[in-house]
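Visitor: Using this note's numbering, read the sequence shown as starting at -8 and increasing by one per residue.
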Amino acid sequence: MARRDSFGGYEEERFENKVDIKLQCSICLKVLKDPVQCPNEHYFCRSCIQKCLHENSETCPVCQHHLTEETLTKPPRILTELLQSLMIRCDHENRGCRELVKLEFLERHVNSCGYSPTRCTNAGCTMVMNRHEKERHEREQCQFRKIVCDECREQVIWKSSRVHPCFMRKEMDDLVRRLNVFQNDMRDVKDDVRDVKDDVREVKDEVKQVKLTQEEMAYLTKEATERYNLVTGRQKIFVCGGWDGKTVINSVESYSWPENSWTLEPAMKEARSSPSALVHGREIYVSGGIIGTKNTDSVESFNVDEEDLEWIKSPVKMPLKCHGHTMVCHENSAILTGGISNDDNVSDGIYEISLNPPHDTTLLTQMAEPRTRHSCEMIDNQVIVAGGMASKYVKDTKNTVYVYDLNNNECKTLPPLPFAISDMASVSYKGNVILIGGVNEKGQTLNSAVMYDVKTEKIKMLPCLNHRRVGSAAVITGNVIIVMGGYDHDTKTFLNSVECLDLSSNIWRELSPMKTNRGGATAVVSPLS
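1. Going by DSSP in three states, V154 sits in which element: helix, strand or coil?
2. In the DSSP output, which residue or residues are listed as bridge partners for T468?
3. Since Y393 sits in a beta bridge, which residues does DSSP pair it with?
4. Here's the rule: buried if 16 or more other CB atoms are within 10 angstroms of the residue's CB, otherwise exposed. What is T328?
5. Are G236 and R263 touching if we call contact CB-CB under 8 Å?
6. With DSSP run on the structure shown, which of helix, strand or coil describes M358?
7. Alpha carbon to alpha carbon, how far is I18 from K24? Give it in angstroms, no decimals.
8. Report the residue ranges of all beta strand (DSSP E) runs contained in full by the segment 219 to 274; include only those spanning at least 3 residues, in chain order.
9. Do the CB positions of G414 and R364 come within less than 8 Å of each other?
10. Could you tell me which of T216, I450, S417 and C455 sits nearest to L170, measuring between CA atoms?
11. Does the distance from the CB of T317 to the CB of S267 come in under 8 Å?
12. Given this structure, state the Cα-to-Cα distance separating V270 from S417, to the nearest angstrom.
13. Leaving out the 5 sequence neighbours to the left and right, which residues in its chain are closer than 7 Å to H57 when beta-carbon positions are compared?
14. Report the option in R218, Q174, C111 and C133 whose CA atom is closest to the CA atom of V154.
15. Fully enclosed by the segment 112 to 171, which beta strand (DSSP E) runs are 3 residues long or longer?
16. Leaving out the 5 sequence neighbours to the left and right, which residues in its chain are closer than 7 Å to V53 when beta-carbon positions are compared?
17. Quick one: is G462 buried, meaning 16 or more other Cβ sit within 10 Å of its Cβ, or exposed?
18. Give the secondary structure of S76 by DSSP, where H, G and I count as helix, E and B as strand, and everything else as coil.
19. When the Cα atoms are used, what is the spatial distance from T388 to I79?
20. Straight-line CA distance for N487 to A440?
21. With a threshold of 16 other CB atoms inside 10 Å of the CB of N102, please say whether the residue is buried or exposed.
22. Using the beta-carbon count (16 or more within 10 Å), is E7 buried or exposed?
23. Skipping 5 residues on each side, what residues in its chain have a beta carbon closer than 6 Å to that of K506?
24. Please report the straight-line C-alpha distance between G429 and Q55, rounded to a whole angstrom.
25. How many angstroms separate the CA atom of C133 from the CA atom of V239?
26. Do you know how far the Cα of T447 is from the Cα of C140?
27. Taking its Cβ as the centre, do 16 or more other Cβ atoms sit within 10 Å of R168, making it buried, or is it exposed?
28. Quick one: which unbroken beta strand (DSSP E) runs of 3-plus residues sit fully inside the segment 425 to 490? Chain order, please.
29. Which residues in the same chain as L203 place their Cβ atom closer than 8 Å to its Cβ, once the five residues preceding and following it in sequence are excluded?
30. For the beta strand (DSSP E) containing C320, list its first residue and its last residue.
31. If we call anything under 8 Å between Cβ atoms a contact, is V22 one with F35?
32. Pick helix, strand or coil for S540, following the three-state DSSP scheme.
33. Kindly give me the distance between the Cβ atoms of G510 and G330, rounded to whole angstroms, as I take these residues to be in contact under 8 Å.
34. So the beta strand (DSSP E) L327 belongs to, where does it begin and stop?
35. Sort K285, P306, E250 and G283 by Cα distance to Y276 and report the nearest one.
36. Decide yes or no for the touch test of the segment 365 to 372 against the segment 344 to 357: beta carbon pairs closer than 8 Å, at least 3 of them.
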């Protein structure tokens, strides 16, 4: 009659009618499950009285009669039959089952219930669904199901099909086709404008339309070019430094899209955790971070044109020794925001550091609050600082967004993010800041992706990551975001996994993992080789 897979009795709310108090366990006060009795006919759930006898004393908790598991007996048949006749709701009511069955048939019903939780059997999938949904999920919906490529007939996992060579070739062909369509539309619009002479207002409307189309063309051309450079191997993604849970890392590895693989590059001079990286000209700069147990203000660089590729100490120097800061490139300067120093002081400064001699440093402004482990992106001569922590404590994680306008030397506050977030990766895309993963003020690792439009101040939630990540690194090339590594507080795991989001399809897909598990790393897309 009763199942023994959980402690205590049945919740009374599960029964169709009110249950007589005589059918309740004297310990848990719930409806009896697998009932037993003491010699004086006091009734208990078997699991309740066993726990009581183990943890307290060998006496009945009601009458204090000497009692052991061996002296427990079954209750009278009439009580058992009363229990068995009660109408109870299925264990899986909260999953959608609306069945009412007699208690004596509950276990048999639950074992065959179409709403029982069932795991997908496709390798790599952790989805749990109702049993009656399993077949359709595995055949039609699972991202890990195997499909056959129409061109090469090779079996591929659906989740990875977007990086399959045949699919990527089709996508590149489609981009070329779209470009041709835009170019033809442009010619048509220009012809129309030349023909319109007698209506000035109509001419102005046409000119505005031409300008709008040109902006769209510029974005599309830029996206296609950047994506082409990555897909053909002309550009690589570099990941530098970090922490693997035991040691600070100085290793650097690069990702090649054509081979879908990672290659070790020359290691940095210093092992750095939570540094920041930027690209200027032909050089990759990595700044600050934790070296050993102390923060540093040093910067080292890597020139992709050199024959003997190696990292060198840069004459560029940060104005403070810190980690958890950001440095972004603006013309011939680096913009430094925030960071936390050796004495746990968090900076509120926004600095400009010249990347050309004499490498002067200027304090541009101070934010309303200090920031570390935040996001910083350059959009239209504006420095956008989003989220982050105001101290070394995660409880001080913020949802604030600041914007510093380089043209008029003005710092102001924008509407906040939908929730507090810090230690996230970020990229900029078409006037938006995209925040990826991170941790909230409760210390929970996130798998969210938030798109914040700086101009309209509107927020859009993108599809969630496949993995929860804090302290991950991210880059964007064309309209493809690539996210690498990080740490999951829930599983206490440093990650080497890599996933990408194509913003035209809004689906996260797995790429080959890095050679090293690393959180607190930094990443850039290399200059064109």
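Idealized CB from N, CA, C, for every residue including glycine.
Guide: For this structure:
1. Counting from 1 along the sequence shown, the entry for residue 154 is found at position 163. V154 sits in a helix when the DSSP states are folded into three classes.
2. The residue labelled residue 468 in the question sits at position 477 within the sequence shown. Looking at the DSSP assignment, T468 forms a beta bridge with V471.
3. Position 402 of the sequence shown, counting from 1, holds the residue named residue 393. In the DSSP output, where bridge partners are listed per residue, Y393 has V376 and T404.
4. Locating residue 328 in the sequence shown gives position 337, where the first residue counts as 1. By the neighbour-count rule (16 or more Cβ atoms within 10 Å), T328 is buried.
5. Position 245 of the sequence shown, counted from the start, is the residue given in the question as residue 236. Position 272 of the sequence shown, counted from the start, is the residue given in the question as residue 263. No, they are not a contact pair.
6. As a first step, residue 358 is located in the sequence shown; it is residue number 367 there, counting from the start. Coil, per DSSP.
7. Residue mapping note: residue 24 aligns to position 33 of the sequence shown, counting from 1. Residue mapping note: residue 18 aligns to position 27 of the sequence shown, counting from 1. Spanning the two alpha carbons is a distance of roughly 12 Å.
8. Correct list: 228 to 234, 239 to 247, 252 to 256 and 267 to 271.
9. The residue labelled residue 414 in the question sits at position 423 within the sequence shown. The residue labelled residue 364 in the question sits at position 373 within the sequence shown. In the sequence under discussion, the amino acid at residue 414 is Asp, which differs from the Gly named in the question. Yes, the pair counts as a contact, with Cβ atoms nearer than the cut-off.
10. Position 179 of the sequence shown holds residue 170. Answer by Cα proximity: T216.
11. Along the sequence shown, one-based indexing puts residue 317 at 326. Along the sequence shown, one-based indexing puts residue 267 at 276. Their beta carbons are under 8 Å apart, which means T317 touches S267 by this criterion.
12. For the purposes of this step, residue 270 is identified with residue 279 of the sequence shown, where counting begins at 1. For the purposes of this step, residue 417 is identified with residue 426 of the sequence shown, where counting begins at 1. Their backbone Cα atoms lie some 16 Å apart in a straight line.
13. Working through the sequence shown from its first residue, we reach residue 57 at position 66. Non-local beta-carbon contacts of H57 in its own chain, meaning distances under 7 Å to residues more than five positions away in sequence, involve E49 and T50 in chain order.
14. As a position in the sequence shown, residue 154 is number 163, starting the count at 1. Distances from the CA of V154 to each of R218, Q174, C111 and C133 were compared; the closest alpha carbon is that of R218.
15. For the segment 112 to 171, whole beta strand (DSSP E) runs of length 3 or above, ordered along the chain, are 119 to 121, 137 to 139 and 146 to 148.
16. By one-based count along the sequence shown, residue 53 stands at place 62. Only S17 and H33 meet the Cβ criterion.
17. Position 471 of the sequence shown, counting from 1, holds the residue named residue 462. That one is buried.
18. For the purposes of this step, residue 76 is taken as residue 85 along the sequence shown, with counting starting at 1. Shown here, S76 sits in a helix according to DSSP, grouped into three states.
19. Position 397 of the sequence shown, counted from the start, is the residue given in the question as residue 388. Position 88 of the sequence shown, counted from the start, is the residue given in the question as residue 79. Rounded to the nearest angstrom, the two C-alpha atoms are 46 Å apart.
20. In the sequence shown, counting from the first residue as 1, residue 487 sits at position 496. In the sequence shown, counting from the first residue as 1, residue 440 sits at position 449. Between N487 and A440, the C-alpha separation is close to 19 Å.
21. Position 111 of the sequence shown, counting from 1, holds the residue named residue 102. Around the beta carbon of N102, fewer than 16 other beta carbons lie within 10 angstroms, which makes this residue exposed.
22. As a position in the sequence shown, residue 7 is number 16, starting the count at 1. Classification for E7: exposed.
23. Stepping through the sequence shown from its first residue, residue 506 is reached at position 515. Cβ within range, chain order: E244 and W253.
24. Taking the first residue of the sequence shown as position 1, residue 429 is located at position 438. Taking the first residue of the sequence shown as position 1, residue 55 is located at position 64. When rounded, the distance between both Cα atoms is 55 Å.
25. Within the sequence shown, the letter at position 142 stands for residue 133. Within the sequence shown, the letter at position 248 stands for residue 239. Distance between the alpha carbons of C133 and V239: 38 Å.
26. Against the sequence shown, residue 140 aligns to sequence position 149. Against the sequence shown, residue 447 aligns to sequence position 456. The alpha-carbon atoms of C140 and T447 are separated by roughly 42 Å.
27. Translated into the one-based positions of the sequence shown, residue 168 becomes position 177. Per the 10 Å Cβ criterion, exposed.
28. The DSSP assignment places 440 to 444, 450 to 453, 464 to 468 and 471 to 479 as complete runs of the beta strand (DSSP E) inside the segment 425 to 490, in order along the chain (cut-off: 3 residues).
29. In the sequence shown, residue 203 corresponds to position 212, counting from 1. Annotation note: pLDDT 48 at L203 (below 50); position unreliable, coordinate value reported separately. There are no such residues.
30. As a working mapping, residue 320 is identified with position 329 in the sequence shown. Its beta strand (DSSP E) spans residues T317 to H321.
31. Residue 22 sits at position 31 when you count from the first residue of the sequence shown. Residue 35 sits at position 44 when you count from the first residue of the sequence shown. Their beta carbons are not under 8 Å apart, which means V22 does not touch F35 by this criterion.
32. Residue 540 falls outside the range modelled here, since the chain spans only -8 to 520, and no answer is possible.
33. In the sequence shown, the residue the question calls residue 510 occupies position 519. In the sequence shown, the residue the question calls residue 330 occupies position 339. For a cut-off of 8 Å, the C-beta gap from G510 to G330 is around 18 Å, too long to register as a contact.
34. Residue 327 sits at position 336 when you count from the first residue of the sequence shown. Residues S324 to T328.
35. Taking the sequence shown and counting its residues from 1, one reaches residue 276 at position 285. Ranked by Cα distance from Y276, the first of K285, P306, E250 and G283 is P306.
36. In short, these stretches do not touch, since the Cβ pair count stays below three.
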